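Here the structure comes first, spelled out in structure tokens, and everything after it is commentary.
Protein chains: 2
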Amino acid sequence: MTNWVTEYQTSALRMEALVKETLFEGQSDFQKVGVYDTEVFGRLLTLDGVFQTSSFEEYVYHEMISHIPLLSHPSPKQILIIGGGDGGTAREVLKHSDLESVEMVEIDGMVVELSKKYLPQISSALNNPPANFTLTIGDGIQKVKDAKSYYDLIIVDCSDPIGPGEGLFSGSFYKDVYNALKEDGLFVQQTESPFYHRELLAKLTKDIKDAQFPIVNSYLAYIPIYPGGCHSFTIGSKKYHPQTPVRKAAPEWNLKYYNEALHSGAFALPNFVTQVLEGNLK
Amino acid sequence: MTNWVTEYQTSALRMEALVKETLFEGQSDFQKVGVYDTEVFGRLLTLDGVFQTSSFEEYVYHEMISHIPLLSHPSPKQILIIGGGDGGTAREVLKHSDLESVEMVEIDGMVVELSKKYLPQISSALNNPPANFTLTIGDGIQKVKDAKSYYDLIIVDCSDPIGPGEGLFSGSFYKDVYNALKEDGLFVQQTESPFYHRELLAKLTKDIKDAQFPIVNSYLAYIPIYPGGCHSFTIGSKKYHPQTPVRKAAPEWNLKYYNEALHSGAFALPNFVTQVLEGNLK
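Protein sequence lines, in the order shown, are assigned to chains W and Y.
Add 15 to the 1-based position in the first sequence for the numbering used here, that's all there is to it.
Add 15 to the 1-based position in the second sequence for the numbering used here, that's all there is to it.
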């Protein structure tokens with residue numbers, strides 16, 4: 016009997032991947048968690064039925080959420096990752112050797128443990144990390160609320176705005192992020208699909224501007240397991256313009272997606288995306 | 016009872032869209048043809064079970080296969096469209112008012128008739144077209160073989176390399192295209208997904224180079240109904256470099272995707288795509 020893992024990308028659109036082996040299906044304190052070995056995506060992590068990351072294409076998301084903001088800042092030192100329990104973002108951030116501290120706060124310890132067990136390619140950085148890295152299982156929203164003018168970069172590597180990720184898509188959270196950043200700090204968040212989540216993207220863009228970030232820019236990347244394959248990230252920045260990198264990626268990072276031309280190219284948005292960001296949802 | 020239309024993007028990955036109404040299902044002389052009214056994509060055309068175009072997102076494909084090559088050429092006059100039976104490419108090409116002739120050769124008359132009937136937004140140009148436009152139901156491969164140094168631009172708006180589209184992905188076809196173009200001509204072809212069709216993309220890139228095109232470049236666009244949402248187009252050009260437009264789109268074209276920054280940005284390829292184009296399939 017064949018077994019398919021299904022994501023309802025909308026109530027009227029679904030993607031199904033053939034499963035070779037179900038490695039884990041269970042319920043954490045926060046969400047339903049699944050790990051599958053699939054034919055096309057290799058190891059696949061799902062949260063509340065939503066495809067999160069896979070060994071086939073995880074590098075796109077993790078490189079693009081990390082290196083775009085890091086290489087837009089001339090000398091980032093204090094980094095906070097909210098979420099990112101699979102460890103892929105930490106792996107990419109820690110390729111930058113001149114960071115003083117990298118703190119990661121993931122709310123769901125089960126995601127971390129399952130990623131260590133079943134997604135070793137993605138979670139590699141969580142085993143024997145360098146001394147400047149700390150992982151806390153806890154509430155990223157509270158962590159941000161408690162910080163004042165401390166971080167150079169906050170990476171919000173969250174799931175969809177349902178379940179535990181919901182509070183990370185709110186105006187009050189963006190105000191706390193603003194206050195937690197240094198006067199030249201910036202933050203980045205994964206912000207869903209411009210094809211399918213237009214109201215969300217319009218609203219959060221407005222909320223980030225309302226939080227007094229003078230520079231707000233979105234960029235796109237090709238992520239085949241996400242709805243439409245077109246995924247947006249949004250940056251709120253106090254000083255630096257993120258479209259043009261001020262530093263270069265190192266060849267030994269062996270990046271599979273990011274490069275300098277792509278950095279700028281990812282900010283060249285289709286007309287309809289620009290309209291969505293301006294609140295025009297037609 | 017709910018009804019879903021399914022595409023097997025690979026044998027182990029499928030996308031399913033909820034159908035409000037099945038408008039047509041039948042067999043032409045060349046392929047199985049389906050037209051559906053779907054919740055998410057609106058009107059959807061399928062050929063041999065493969066999602067071809069939909070009213071939800073057709074503008075991406077049709078703008079990107081037309082305006083990138085047209086605006087890379089300083090004064091294109093003779094244009095040939097091979098395939099493109101839904102009419103969307105003709106619609107975009109005919110926005111350029113200074114063309115002397117636009118010839119379209121589609122092998123499957125049923126696709127044209129069904130598009131006129133069920134996809135009016137896409138096929139609009141095929142009703143009452145301007146005097147410089149001709150549509151022939153026939154064999155595009157033969158049309159190209161018969162032309163010598165005649166066209167400024169050939170647009171190969173084909174389906175997948177199965178069924179009637181197969182001969183459009185061959186070295187001998189690219190040699191015929193080369194001979195059919197003027198000494199400063201160029202051609203463009205849709206060339207599938209860099210995530211899922213790596214061998215095909217590597218092979219056709221080599222074949223186009225072997226056909227003596229001195230300039231061969233691929234670019235990408237976000238097409239949510241295609242596998243991975245990441246679709247490639249490849250240009251073979253005798254003289255003009257397509258990465259930088261030499262003319263501008265007109266505001267009255269009301270483009271939803273293409274703009275000047277995006278034109279160049281679409282050629283900024285992820286590292287793994289560059290590797291695929293160089294024949295590195297790991």
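Glycine residues also receive a C-beta, built at the ideal position from the N, C-alpha and C atoms.
Nothing here was measured: the structure is a model prediction, and the numbers come from that model.
* Compare the beta carbon distance of W/M119 and W/S43 with 8 Å and say whether it is the shorter of the two. => no
* To do: For Y/Y237, return the contacting residues in chain W, with the cut-off set at a CB-CB distance below 8 Å.
  => F210, L235, Y237, G243, G244, C245 and P285
* Which class does W/V48 belong to by DSSP, given the choice of helix, strand or coil? -> strand
* To do: List the residues of chain W that Y/G280 touches, going by C-beta distances under 8 Å, in chain order.
  => S279, G280, A281, F282 and A283
* To do: Please compile the residues from chain Y whose C-beta is within a distance smaller than 8 Å of the C-beta of W/K271.
  => P285, N286 and F287
* Counting Cβ pairs, one atom from each stretch, are 3 or more of them under 8 Å apart for the region 269 to 276 of chain Y and the region 282 to 291 of chain W? -> yes
* Assign W/D222 to buried or exposed, taking buried as 16 or more other Cβ atoms, counted over all protein chains shown, within 10 Å of its Cβ. => buried
* Please look up how many angstroms separate the CB atoms of Y/S279 and Y/Q258, rounded, as I've assumed it's under 8 Å. => 6 Å
* Does Y/R262 come within less than 8 Å of chain W when only Cβ atoms are used? -> no
* To do: State buried or exposed for Y/K23, treating a residue as buried only when at least 16 other CB atoms are found within 10 Å of its CB.
  => Residue 23 of chain Y is actually Tyr in this sequence, not Lys. Burial call: exposed.
* To do: Give the interface partners of Y/A32 over in chain W, defined as CB-CB distance under 9 Å, in chain order.
  => A27, L28 and R29
* Taking C-beta pairs closer than 9 Å, name the residues in chain Y that W/E54 reaches, listed in chain order. => T25, S26, A27 and L28
* Exposed unless 16 or more other CB atoms sit within 10 angstroms - verdict on W/A146 -> exposed
* Check whether the Cβ atoms of Y/P179 and Y/F45 lie closer than 8 Å to each other. => yes
* Identify whether Y/G100 lies in helix, strand or coil by the three-state DSSP scheme. => coil
* Is DSSP giving W/I223 helix, strand or coil here? -> helix
* To do: Using a Cβ-Cβ cut-off of 8 Å, state whether Y/N232 counts as contacting chain W.
  => no
* Asked: By Cβ distance below 6 Å, which residues in the same chain neighbour W/L150 in space, the five residues on each side in sequence not counted?
  -> M119
* Given that Y/A276 touches chain W, what residues does it touch there, using C-beta distances under 7 Å? -> A283
* Do you know whose CA, among W/V127, W/R106, W/W19 and W/K163, lies nearest W/W268's CA? -> W/R106
* Quick one, which of Y/I169, Y/R58, Y/Q290 and Y/T25 has its alpha-carbon nearest Y/V117's? -> Y/I169
* Do Y/D161 and Y/K197 come within 8 Å of each other at the CB atom, strictly closer than that value? -> no
* Reference W/L114, options W/D225, W/Q93, W/H212 and W/H82, closest by Cα -> W/Q93
* When the Cα of Y/I137 is compared with those of Y/D225, Y/V261, Y/T68 and Y/P89, which residue comes out closest? -> Y/T68
* To do: Throw me the rounded Cβ distance for the Y/L235 and Y/A281 pair, which I believe falls under 8 Å.
  => 6 Å
* Asked: W/K190 by DSSP, collapsed to three states: which one?
  -> helix
* Terminal residues of the beta strand (DSSP E) in which Y/A236 lies -> I230 to Y237
* the region 73 to 89 of chain W / the region 248 to 262 of chain W touching (three or more Cβ pairs under 8 Å) -> yes
* To do: Just tell me which of W/G200, W/I156, W/D52 and W/V291 has its CA closest to the CA of W/Q227.
  => W/G200
* Asked: Does DSSP classify Y/I156 as helix, strand or coil?
  -> helix
* **Alpha-carbon spacing of Y/I152 relative to Y/P229, whole angstroms** => 32 Å
* Asked: Excluding the five sequence neighbours on either side, which residues of its own chain have a C-beta within less than 6 Å of the C-beta of Y/K158, listed in chain order?
  -> V120
* Asked: Which one or two residues does DSSP pair with Y/T151 in a beta bridge?
  -> Y/V120
* Between the CA atoms of W/V291 and W/L129 - distance to the nearest angstrom -> 37 Å
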